Each structure stands twice: as structure tokens, then as C-alpha cells.
Amino acid sequence: MITMPVTEQSVVIARPPSEVWDFLTVAENWPSWEASIVECEQLTDGDPGVGTRWRGATRILGKRFDWVSEFVEYQPAKAGVSKSVESKIGFTAATRLEEVDGGTLFTYRVDSESGLGGIFGKLADPIVNKAYSRTVRASLDNLADLLTTDR
1 MITMPVTEQS
11 VVIARPPSEV
21 WDFLTVAENW
31 PSWEASIVEC
41 EQLTDGDPGV
51 GTRWRGATRI
61 LGKRFDWVSE
71 FVEYQPAKAG
81 VSKSVESKIG
91 FTAATRLEEV
101 DGGTLFTYRV
111 DSESGLGGIF
121 GKLADPIVNK
131 AYSRTVRASL
141 DNLADLLTTD
151 R
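Written out as C-alpha cells, the structure reads:
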């Protein structure tokens, strides 16, 4: 049985789900809070939805990889799922928003191929996953700070 490395973290953001969603669905906003994403842009025209494609670049432990992903699920102010369609590393990224006391519970989950496409090797999966998990945790805290600072 092949297990895929999974990173899942959550944070409460003191904003309503609609405001958090509006920020998250602008591709160019992602590098401002998600530390591993160094570039991100929407490729398709129009408002985001199922079929919308984003192109970006991610850096994990000093290794950069470029990717194109496509939304396969899109429920405004609730959830979105995108899958890589072009990448050295296959991945699925899911965002989920839930209204809670004090704002929005934002959960971010990334499932990636075992062995990270040969970039690090299967034996390194636990090390890479742990490092990436720390990066995601810090990124979510950064997002919460960014969205709750007076703008």
C-alpha cells in the first residue's frame, strides 16, 4: 500500500468566511501568506470555479518546482479542491472554511505523491512532510494575522 504524504493544518481567522474566501480565491494573494509558494497566477479568464487553472511555483527545502493546478471542486465561501495537472509532484490541495465563534475556521490540506516525484526520494518523505507541515503552520498563522490587521 502506497501512502501519500499529507499535511493538514487549521487556524481560526477573525473574519467572516466570505471575506476569507474572497482573499483566498485571488491567486496572486497566495505568495503573500503561504511561505512555500513563490509565484501564483490564474491562467483562465473569469471568476474562479470548477475548471479554473492556476500556475505557480513552490519551494520546499530549497527545491523549486513549477506546477499548474485545476479546481475540481468549488463551493464559494465553503470549500475548494484543486489537483495538479502539470507538475513534477502530483498533489491535491483542499481548502475548507467553516463559520465558528470568533470568525472562520480555515483548514488547508495538501496530499502529495509519495517520494515527492523523485525530488527527495521516498525515504525522505517523513522529513520533508514534517518540514512542510511546520511551514504550513507558520503560513496559516501569517494568514490569520494578515487578514485581521486593519486594512
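Everything in the sequence shown is counted per my numbering, starting at 1 for the first residue and increasing by one.
Quick reminder that beta carbons are idealized off the backbone N, C-alpha and C, glycines included.
For clarity, every value in this text was computed on a predicted model and none was experimentally measured.
Contact under 7 Å by Cβ, S112 with W33: no
Strand pairing of G111, partner residues [DSSP]: Note on identity: in this sequence residue 111 is Asp, with Gly being the wrong assignment. In the DSSP output, where bridge partners are listed per residue, D111 has V6, T92.
Identity of the residues DSSP links to L105 by a beta bridge: V12, E98
CA-to-CA distance, P16 to E99, given in whole angstroms: 7 Å
First through last residue of the alpha helix (DSSP H) which encompasses S18: 17-24
Buried/exposed call for I127, threshold 16 Cβ in 10 Å: exposed
For G103 and Q186, the rounded distance between their alpha carbons: Nothing in the structure corresponds to residue 186, since the chain is present only between 1 and 151.
Range of the contiguous beta strand (DSSP E) that encloses E73: 63-75
Cα-Cα separation, F92 to Q9: For the record, residue 92 in the displayed sequence is Thr; it is not Phe. Near 15 Å, if we compare the C-alpha coordinates of Q9 and T92.
Where the beta strand (DSSP E) through E86 begins and ends: 79-87
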